[in-house]
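Have a look at the structure below, then the notes.
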Amino acid sequence: MTSKKKPRVYITRKLPDLVETRMRELFDAELNIDDVPRSREALLEAVQHADVLVPTVTDRIDQTLIEQAGPQLKLIASFSNGVDNIDIDAAARRGITVTNTPNVLTEDTADMAMALILAVPRRLAEGATILTDRRHEWAGWSPTWMLGRRLGGKRLGIVGMGRIGTAVARRAKAFGLSIHYHNRKRVSRETEEQLEATYWDSLDQMLARVDIVSVNCPSTPATYHLLSARRLQLMRPTSILVNTARGGIIDETALIKCIREGRIAGAGLDVFENEPVVNPKLVKLAAEGKVVLLPHMSSATIEGRVDMGDKVIINIRTFFDGHRPPDRVLPGRN
Ligand code: DGY
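Its first residue numbered 496, the sequence shown is counted upward by one per residue in the numbering used here.
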């Protein structure tokens, strides 16, 4: 690749220094040092001159934008695992290849899902605030104070048993939870045996029988509001819901209503329907200790971000060396 002209690579957000340095060495890289999210106009301008666009989950790469791309744009190498923000089919129609960064976020995301699975029933966020919020004075230990719910012996229902769902299951099993899952297809017999997992063909039936629900499926038109008002009402009043996937998979308004009405005990959410805007009603529930909210940070580790950068670089290099990039996202997926 060294003798050839370097591809012009437009990166929409600030990336770790290590990744940016490497990108500068290898490509004609346009960075975003200030990390101010790029405007629609800036993206339109970028697709008209760049050979490669490196967006993240905060950029909307829809059909209109893709249709205005110049003929030089050949690759969208997303710095993300999820690609629900990119119109893959529109890109394919224009002959633009799309890649993502799978696998490298699995363990970090599963760690955070587990953290929320622990935090909600054990009232972790509430407890942590008591010692730092000056409005409270801690009167000391009491046998009946800050009582949560025990994790061991409870049933976890995983919605989406892909890489992340399976990694959550492994962790949860070690915490004494029994594993239940709903997925488009059953995982291998070997995985089921290792996890002692029970497969539920019917999501409705699983929701009615588990204590904790963890959402780990990708966001696609088919999973939009998969956890609908009707389905949320199937959950038990003592149960909790954890989402580290995408906000749109849950009907957030219905979830808020269910928690308010005591039909669901609580929730741990790392993702929201209208990011970065968070429904004030959710914030109020958090202040009351009923939900734990995180700002979409499940995959936020330095190691993970550097690994993502490596993947983006490999995808770009492979593509410009004339090969099929390893993390190509095929059309028809969303
Ligand atoms: C992704 O890459 O899809 C993640 O949601 C970012 O955390």
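The beta-carbon is built from N, C-alpha and C at its ideal position, and this holds for glycine as well.
Check whether the Cβ atoms of Leu736 and Leu750 sit closer than 8 Å, and answer yes or no. As a first step, residue 736 must be located in the sequence shown, where it is residue number 241. As a first step, residue 750 must be located in the sequence shown, where it is residue number 255. Yes.
By Cβ distance, which residues of its chain are closer than 7 Å to Ala537, with the 5 residues on each side in sequence left out? Residue numbering aside, residue 537 sits at position 42 when the sequence shown is read from its first letter. So the list is empty, once near-sequence residues are dropped.
Is Cys753 near Leu727, with beta carbons less than 8 Å apart? The residue you call residue 753 lines up with position 258 of the sequence shown. The residue you call residue 727 lines up with position 232 of the sequence shown. It is a contact, given that the beta carbons lie within the stated cut-off.
Given the structure, does Ile751 come close to the ligand FMN, in the sense that its CB is under 7 Å from one of the ligand's heavy atoms? What this structure holds is the ligand DGY, not the ligand FMN.
Rounded straight-line distance, which links the Cα of Asp765 to that of Ala667: What you label residue 667 is simply residue 172 of the sequence shown in a count that begins at 1. What you label residue 765 is simply residue 270 of the sequence shown in a count that begins at 1. Rounded to the nearest angstrom, the two C-alpha atoms are 18 Å apart.
Residues of its chain near Ser794, where Cβ-Cβ distance is below 6 Å and the 5 sequence neighbours each way are ignored: Within the sequence shown, residue 794 is the residue found at index 299, counting from 1. Same-chain partners within the cutoff: Leu600, Asp603, Thr604.
According to DSSP, is Leu521 helix, strand or coil? The count along the sequence shown starts at 1 and reaches residue 521 at position 26. Of the three classes helix, strand and coil, the one that applies to Leu521 here is helix, per DSSP.
heavy atom of the ligand DGY below 7 Å from Leu600 C-beta: Within the sequence shown, the letter at position 105 stands for residue 600. Checking every heavy atom of the ligand DGY against the Cβ of Leu600, one is found closer than 7 Å.
Compute the Euclidean distance between the alpha carbons of Met496 and Thr551, then round it to the nearest angstrom. Within the sequence shown, numbered from 1, the residue matching residue 496 stands at position 1. Within the sequence shown, numbered from 1, the residue matching residue 551 stands at position 56. The predicted model places Met496 with a pLDDT of 48, which falls under 50 and marks its position as unreliable, so this point remains unresolved.
Do Val552 and the ligand DGY come close, with the Cβ less than 7 Å from some heavy atom? Taking the sequence shown and counting its residues from 1, the one referred to as residue 552 is at position 57. Within the cutoff, so yes.
Considering only DSSP beta bridges, list what His675 is partnered with. Residue 675 sits at position 180 when you count from the first residue of the sequence shown. DSSP output for His675 lists Gly652, Thr693 as bridge partner(s).
At a cut-off of 7 Å, is Asn769 close to the ligand DGY when judged by its beta-carbon and the heavy atoms of the ligand? Start at 1 with the first residue of the sequence shown, and residue 769 comes out as number 274. No, the ligand DGY has no heavy atom inside 7 Å of this Cβ.
DSSP state of Trp633 mapped onto helix, strand, coil: Taking the first residue of the sequence shown as 1, we reach residue 633 at position 138. The answer is coil: DSSP assigns Trp633 none of H, G, I, E or B.
When the Cα atoms are used, what is the spatial distance from Thr733 to Val705? By one-based count along the sequence shown, residue 733 stands at place 238. By one-based count along the sequence shown, residue 705 stands at place 210. Between Thr733 and Val705, the C-alpha separation is close to 10 Å.
Can you list the alpha helix (DSSP H) stretches of 4 or more residues lying completely in the region 539-601, in chain order? For the region 539-601, whole alpha helix (DSSP H) runs of length 4 or above, ordered along the chain, are 558-562, 583-588.
Ala545 classed as buried or exposed, judged by whether at least 16 other C-beta atoms fall within 10 angstroms: For the purposes of this step, residue 545 is identified with residue 50 of the sequence shown, where counting begins at 1. With 16 or more other Cβ atoms within 10 Å, it is buried.
Considering just the uninterrupted stretch of the beta strand (DSSP E) at Ile506, what are its terminal residues? Within the sequence shown, residue 506 is the residue found at index 11, counting from 1. Where Ile506 is concerned, the enclosing beta strand (DSSP E) starts and stops at 503-506.
Assign Thr497 to one of three DSSP states: helix, strand, or coil. Taking the first residue of the sequence shown as 1, we reach residue 497 at position 2. With a pLDDT of 48 at Thr497, under the threshold of 50, the predicted position of this residue should be treated as unreliable, and no value is reported.
Can you tell which of Ser575, Ser709, Gly757, His818 has its C-alpha closest to the C-alpha of Thr507? Locating residue 507 in the sequence shown gives position 12, where the first residue counts as 1. Of the candidates Ser575, Ser709, Gly757, His818, the one whose C-alpha sits nearest the C-alpha of Thr507 is Ser575.
Contact defined as beta carbons within less than 8 Å: I believe Val593 pairs with Ile625. What is the distance between those atoms, to the nearest angstrom? Mapped onto the sequence shown, residue 593 falls at position 98. Mapped onto the sequence shown, residue 625 falls at position 130. Wrong, their Cβ atoms sit about 47 Å apart, outside the cutoff.
Helix, strand or coil: which one does DSSP assign to Ala442? Since the first and last residues shown for the chain are 496 and 829, residue 442 lies out of range.
On a CA-only basis, which of Lys776, His791, Met792 is nearest Lys785? Give me that one, please. Within the sequence shown, the letter at position 290 stands for residue 785. Out of Lys776, His791, Met792, Lys776 has the C-alpha closest to the C-alpha of Lys785.
Nearest-angstrom Cα separation, counted from Met518 out to Met641: On the sequence shown, position 146 is the one that residue 641 refers to. On the sequence shown, position 23 is the one that residue 518 refers to. Met641 and Met518: Cα-Cα distance of roughly 50 Å.
Determine the contact status of Leu722 and Asp746, defining contact as a CB-CB distance below 8 Å. Working through the sequence shown from its first residue, we reach residue 722 at position 227. Working through the sequence shown from its first residue, we reach residue 746 at position 251. Yes, these two residues count as a Cβ contact at 8 Å.
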